[in-house]
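Report on the following structure.
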Amino acid sequence: MGDMANSSIEFHPKPQQREAPHAGGFGCTLAELRALMELRGAEALQKIQEAYGDVSGLCRRLKTSPTEGLADNANDLEKRRQIYGQNFIPPKQPKTFLQLVWEALQDVTLIILEVAAIVSLGLSFYAPPGEESEACGNVSGGAEDEGEAEAGWIEGAAILLSVICVVLVTAFNDWSKEKQFRGLQSRIEQEQKFTVIRNGQLLQVPVAALVVGDIAQVKYGDLLPADGVLIQGNDLKIDESSLTGESDHVRKSADKDPMLLSGTHVMEGSGRMVVTAVGVNSQTGIIFTLLGAGGEEEEKKDKKGKQQDGAMDSSQTRAKKQDGAVAMEMQPLKSAEGGEMEEREKKKANVPKKEKSVLQGKLTKLAVQIGKAGLVMSAITVIILVLYFVIETFVVEGRVWLAECTPVYVQYFVKFFIIGVTVLVVAVPEGLPLAVTISLAYSVKKMMKDNNLVRHLDACETMGNATAICSDKTGTLTTNRMTVVQSYLGDTHYKEIPSPSALTPKILDLLVHAISINSAYTTKILPPEKEGALPRQVGNKTECALLGFVLDLKRDFQPVREQIPEDKLYKVYTFNSVRKSMSTVICMPDGGFRLFSKGASEILLKKCTNILNSNGELRGFRPRDRDDMVKKIIEPMACDGLRTICIAYRDFPSSQEPDWDDENEVVGDLTCIAVVGIEDPVRPEVPEAIRKCQRAGITVRMVTGDNINTARAIAAKCGIIQPGEDFLCLEGKEFNRRIRNEKGEIEQERLDKVWPKLRVLARSSPTDKHTLVKGIIDSTTGEQRQVVAVTGDGTNDGPALKKADVGFAMGIAGTDVAKEASDIILTDDNFTSIVKAVMWGRNVYDSISKFLQFQLTVNVVAVIVAFTGACITQDSPLKAVQMLWVNLIMDTFASLALATEPPTESLLLRKPYGRDKPLISRTMMKNILGHAVYQLTIIFTLLFVGELLFDIDSGRNAPLHSPPSEHYTIIFNTFVMMQLFNEINARKIHGERNVFDGIFSNPIFCTIVLGTFGIQIVIVQFGGKPFSCSPLSTEQWLWCLFVGVGELVWGQVIATIPTSQLKCLKEAGHGPGKDEMTDEELAEGEEEIDHAERELRRGQILWFRGLNRIQTQMFTMLIHISVPPSLLLHAAPSALSSPYKSPLNSHQAL
């Protein structure tokens, strides 16, 4: 095995050289197979016939058997990997640490700070001639002791040091994220399995273990992991749009077009293929190799790629729209969207999906507004300081600008500039993106334990806003362990399994054959793993129920299958969502044909003209008989919550073979053998989970392909519909009739009349599901706009999953296509896990709000203190380095502390926030302003009369290089203490009184508060000149602490004031208003961001992005210390969908 690790490196660069010596072992070279896979259709067939005779000839050359597969011999598999390569596409080279450092240095604010610090440093080393210093004004007089003038360099050096610190941490954080991302990628790749035949046995092997020559089983819903040639196929249709851009499904068959390509989706049917190209030699691999070339031009490539993707997607979308029922994007709603609809679908269709969510949209907008205010404040601060200095020095004191004094004056201007930058740095809530990232990453890690595998980070918080869930029935609300409990055989309705002796041998024999042959041969019932357990159901669960029925009738399906193996089947019409049935044709010994069919009872019974009576003889089956049967047999079964399946057959004489492509003609004139009722019990925990959803203000709707009576019975058992409620249960046909106009177009107004009351949509097609989801999302009726979650497992659910705000795919029963389209994968297929996702989502939203409440209080106070202090005393009471400590570090620590609060059940007792709810509620605004008033009162009291209260020297109006004063140290220390205690207040945002509730359940919070306190003691007592701190006495420390604890008491006072009385308070951080939304067609969460992003793009606030980067990641090392490294595992927004996209930090969005 040691060679395997190296082979992946060895074989990629020079496959051609490796080929020659080994090609003799096999009858095909790598180059031949690569050339073969470039061909399509008739051309490919011709090439196979010329070179190998047929597909069996190709298998012989590759030393494999079409039925038995490879021998599963380790040496043989290794040899194949050496010659033809591994099924692994090498990822692009990650950026080096130095590259990341260089990128971090590009930030605007960092550059401003660097320049200011360097100028400050340079000037501090310049000493003007001593005798003239008097002429230059009060520069360094006063409390100057030996060596103080030389210490002028410390401030500049401290700022530079903090910049270096920020850059290294940012780079380290980016580097670790990249590493986590790659780890996640490889984990996902290991989890993906594919079915192959080796030694005649069906095996599930990891996709990376596939080799050329493997015989692979392909089935409905698979994402093909390698290129291959079809050996035998049943009604196989492939969606090749990911490679060709053509959305029409391509029919594949061994005699017309046998070429199957990696990265394409199986939309219908099943079959077997021989693998002919893997990894970098497969069609997808070749494309990725081309993309990977020229990594250094990655940025340009990204931009170009986006444009090209866009162009391709729009053509795809147009094609999709003409594709009828099973197309990936359904007919758009009738509205005035036009091109914008295309644009939006285009964005949606892109693989990385929704990059930003509702919350991020609100945050971007809020941050832009705060940033603008900060920029104005900092500009005014600098202007006032400069004007005051100039007027004071040159007008009031009447000095003349002397050449030798220039450096001294410039030093003053640099100091003012640094104060201005400090105000700006404090104004912007740069801890926000980090809080979002930490909160999401923490939640994602914890959600894994709750069986939610999150593929797109933002889905996590969007789920907290969900107002509607459209759920599948089978497997999600039910156990997906199906059993036949009732049957109608030979004119008798059996309420339990009949004894075999009660049935005519002819009926029993026909039934056993019809079930055994007309179901996927991959579906089996295996003996239980443990004694006393239930037999294991493998494959399609409905077919498992029927096979179980055969076993209950004391017969076995395996001998029948051995007698008629899969490759002897003459024709198969596989199940799909349009047919709602499956049929198989076999050859009879007399040269005739027999067709077996099974499917939804009301659909198949319409095609039956005969039925078997109790003696096993045919008797006519007229429409009137059918109506009787529906009333007396099918409806009672459905009302018991059973799914009814009809089993039928038809014989064709040998004299004339029908036209097998005319499916309606072939599957008609059938003879009904039996109708069975299949029970799929409701999961015991589902009714309680649905009750929780309803209590949390979330409407649950069931969308199913089942009969309406079955669906209604199950919905009642689950609690989706309650007796006495005003609700609608519709079938797909009736639903379409109500929402379409005379021309057959969907109208939003009509839909708005239907969806609010709709609880069950039965016999629905994928198009109906997509239409419903899109209609609810686009609807503007009601108080707030809806946020919709959808669950799905089938390939046909792809469009609805993609369209939904949050798509849940089933991890066990789900197809690859459904997983690819989803945001979250439910690893246990259980509805209760969705409720957990809602809880985590709401927790994320609340964590962000808690942090916002804390951060904005700090910002408001710090900006006002720096601004007024600078204007009145020509110096900020909080020095630049102190501000950086408060701002960069405390906010980062606080974001970690507040973002890791665990969720509680009480989160499910409130209504969802919805799309339009502002981030900062009036209660939060009351808290922010209330605490700001307390803090400002204390700080200004200390600033202007502090020296009298503590009997110390005043720190106001100190000369340029004077030593740190106790006065300003007390102000700084009190400020930090107040923030620490306010952090405890910030744990509650809905006006709760007990702010300590559950504080010990969050060890991270406790550690951070105590840790910050410890560091503060060190800074004050030993920080000295770099931190502008002078050591304080015990008494002074106790006063600082006393004022800090006052925050908690003041918090109780604020909580007493009823918010409803404060009409003057405005909420902030809205989504876009109605007027803006009409421009954007009121559709996606993305539009909410675009509005703010456009403002960003205008370049009005260039520095803003810079700020985010600097402070966002400041000291994120803490995360790696206090939380396991895997916490940030999912920090790449679309980790699963796009393995080859460099993982940008999720906070860069802001």
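Quick note, the sequence shown lines up with residues 1 to 1150 if you use this note's numbering.
Yeah, the Cβ is synthetic: ideal placement off N, Cα and C, and Gly gets one too.
Predicted, not measured: the structure shown is a model, and the values here were computed from it.
Between residue 223 and residue 817, the CB-CB gap stays under 8 Å. Contact between residue 882 and residue 1028 holds, since their C-beta atoms are separated by about 6 Å, short of 8 Å.
Judged by DSSP secondary structure, residue 587 falls within the beta strand (DSSP E) whose first and last residues are 581-587. If you look at residue 931, you'll find it in the alpha helix (DSSP H) that goes 922-950. Just so you know, the alpha carbons of residue 542 and residue 804 end up roughly 27 Å apart. In terms of Cβ geometry, residue 931 and residue 985 form a close pair [threshold 8 Å]. The C-alpha of residue 473 is placed about 31 Å away from the C-alpha of residue 196. Per DSSP, the continuous alpha helix (DSSP H) segment holding residue 542 begins and ends at 541-552. Between the alpha carbons of residue 29 and residue 649 lies a gap of roughly 48 Å. The beta carbon of residue 269 sits closer than 7 Å to those of 220, 233, 234, 235, 236, 237 and 574, all from its chain and outside the five residues before and after it, given in chain order. Under the three-state reduction of DSSP output, residue 458 falls in the helix class.
DSSP, read as helix, strand or coil, puts residue 879 in coil.
Between residue 39 and residue 259 the beta-carbon gap is near 7 Å, inside 8 Å, which marks them as a contact.
Rounded to whole angstroms, the gap between the alpha carbons of residue 441 and residue 89 is 27 Å.
Spatial neighbours of residue 198 in its own chain (CB-CB distance under 6 Å, excluding positions within 5 residues in sequence) are listed in chain order as 69, 70 and 72. Between the alpha carbons of residue 688 and residue 943 lies a gap of roughly 59 Å.
If you look at residue 193, you'll find it isn't in any alpha helix (DSSP H); it sits in the beta strand (DSSP E) that goes 193-198. Under the rule that a run must span 4 or more residues, the alpha helix (DSSP H) segments found entirely inside the stretch 780-843 read 798-803 and 816-821.
Here the alpha carbons of residue 86 and residue 706 stand approximately 43 Å from one another. In this structure, DSSP gives residue 648 an extended state, which the three-state scheme calls strand. In the three-state scheme derived from DSSP, where H, G and I count as helix and E and B as strand, residue 573 is classed as strand. Distances from the alpha-carbon of residue 1008 to those of 997, 1024, 979 and 1034 put 979 closest. Shown here for residue 1055: same chain residues with a beta carbon closer than 6 Å to its own, the five before and five after excluded, namely 991 and 993 in chain order.
Shown here, residue 271 sits in a strand according to DSSP, grouped into three states. The Cβ atoms of residue 230 and residue 271 sit closer than 8 Å to each other. In this structure residue 583 touches residue 596 by the C-beta definition: roughly 7 Å separates them, less than 8 Å. Rounded to the nearest whole angstrom, the CA to CA distance from residue 175 to residue 870 is 39 Å.
Within its own chain, the residues whose Cβ lies closer than 7 Å to the Cβ of residue 666, once the five positions on either side in sequence are excluded, are 595, 658 and 660, listed in chain order.
With contact defined as three or more Cβ pairs closer than 8 Å, the stretch 847-863 and the stretch 477-495 are not in contact. With 16 or more other Cβ atoms from the protein chains shown falling within 10 Å of its own Cβ, residue 680 counts as buried. Contact annotation, residue 727 with residue 759: C-beta distance approximately 4 Å; criterion of less than 8 Å satisfied.
Looking at the DSSP output, residue 259 shares a beta bridge with 229. The stretch 906-918 and the stretch 693-713 touch, with three or more beta-carbon pairs separated by less than 8 Å. Annotation: residue 391 to residue 399 spans about 10 Å, alpha carbon to alpha carbon. Where residue 79 is concerned, the enclosing alpha helix (DSSP H) starts and stops at 74-84.
DSSP places residue 482 in the coil class of the three-state scheme, outside both helix and strand.
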